[in-house]
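For reference, the structure discussed in these notes is given below.
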Amino acid sequence: MAKISVNPPTFQKTDPEDTVKRLCDYNIKLQEQLQFSLTAIERRIEEAIARMEKLNEKMVQLEEQTDSVISAQNKLGSSVSQLTSRVAALEAKVNG
């Protein structure tokens with residue numbers, strides 16, 4: 173889309189009809205440019221939202237995996253404690 177002039181057409185005292193026509197054309201081009209820009213912004217927002225949703229899904233997965241690792245670590249710690257107790261009991265029998 174071609175960029176239009178930032179300044180509107182100047183008023184021509186000798187030809188007000190042409191000035192009105194150029195102002196109308198200018199207004200239409202501004203509206204088209206605005207619509208184009210808004211559509212592009214909307215598309216980028218939608219893309220950003222989609223990326224955020226994917227990131228959120230990954231975060232949920234990571235949280236679940238972290239919870240799973242913590243649970244496994246807790247079970248492992250419990251098993252180590254039980255083994256330590258059993259080893260201590262066996263050592264006591266052997267040395268006792």
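Heads up: the sequence shown begins at 173 in my numbering, then just goes up one per residue.
The C-beta atom is built at its ideal place from N, Cα and C for all residues, glycine as well.
Keep in mind it's a predicted model, so treat the numbers as computed, not measured.
{"Asked": "Secondary structure of residue 181, DSSP reduced to three states", "Found": "coil"}
{"Asked": "Option nearest residue 198 by Cα separation, candidates 182, 231, 210, 235", "Found": "182"}
{"Asked": "Neighbourhood of residue 264 by C-beta, 6 angstroms cutoff - its chain only, sequence neighbours within 5 removed", "Found": "none"}
{"Asked": "Straight-line gap, residue 214 to residue 204 (C-alpha atoms, nearest Å)", "Found": "15 angstroms"}
{"Asked": "Three-state class that DSSP yields for residue 187 in the structure shown", "Found": "coil"}
{"Asked": "Residue-level contact to chain C via CB, residue 235, 7 angstroms cutoff", "Found": "Of the chains in the structure shown, none is chain C; there is only one protein chain."}
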